[in-house]
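Numbering (the numbering used here), first residue to last: 1068 to 1176.
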């Protein structure tokens, strides 16, 4: 009789545990692929680098030509491929750059 009571208590205890708070599992959707867009223009930051490593990760840099005109069109800047972002930004005449060589890019001026 004692075994029956113990068994009944165990079954009731197990069943009461099933009535506890239920947790739901949220389904995580796979990330949407971003739309293909042109890479963003990256401005050079101050202070400018003084020493750069010799790595080759080409960038298409926008460089001030120093030309100032009264009438347009006037080539106030030029696009020049540099071996790396560090090398490009070490030139004080460079405003910023796009990743990749100028041959790969067609930057919107």
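Ideal Cβ placement from N, Cα and C applies to all residues, glycine included.
Per DSSP, residue i forms a beta bridge with which residues?
{"i": "residue 1153", "result": "In DSSP, residue 1153 forms no bridge with anything."}
{"i": "residue 1165", "result": "1127"}
{"i": "residue 1145", "result": "1130"}
{"i": "residue 1109", "result": "1164"}
Report all residues from its chain with a CB closer than 8 Å to the CB of residue i; omit the five preceding and five following residues, and keep chain order.
{"i": "residue 1167", "result": "1106, 1125, 1126, 1127"}
{"i": "residue 1164", "result": "1108, 1109, 1111, 1126, 1127, 1128, 1129, 1149, 1152, 1155, 1156"}
{"i": "residue 1134", "result": "1141, 1142, 1143"}
{"i": "residue 1137", "result": "none"}
Grab the span of the beta strand (DSSP E) containing residue i for me, first residue to last.
{"i": "residue 1130", "result": "1126-1131"}
Can you round the beta-carbon distance between residue i and residue j to whole angstroms, since I take them to be within the 8 Å contact cut?
{"i": "residue 1143", "j": "residue 1132", "result": "6 Å"}
{"i": "residue 1148", "j": "residue 1119", "result": "Rounded, the Cβ-Cβ distance is 15 Å, inconsistent with contact."}
{"i": "residue 1146", "j": "residue 1129", "result": "6 Å"}
For residue i, which of the options has the nearest alpha-carbon?
{"i": "residue 1114", "options": "1169, 1171, 1159", "result": "1159"}
Going along the chain, which residues of its own chain have a beta-carbon closer than 7 Å to the beta-carbon of residue i, five neighbours each way excluded?
{"i": "residue 1150", "result": "1123, 1125"}
{"i": "residue 1161", "result": "1111, 1128, 1129, 1130, 1155"}
Suppose the cutoff is 6 Å on Cβ atoms and the five residues either side in sequence are ignored; what does the same chain contact list for residue i look like?
{"i": "residue 1170", "result": "none"}
Taking 6 Å as the cut-off, is the beta-carbon of residue i closer than that to any non-hydrogen atom of the ligand GTP?
{"i": "residue 1168", "result": "Ligands displayed in this structure: none; no statement on the ligand GTP is therefore possible."}
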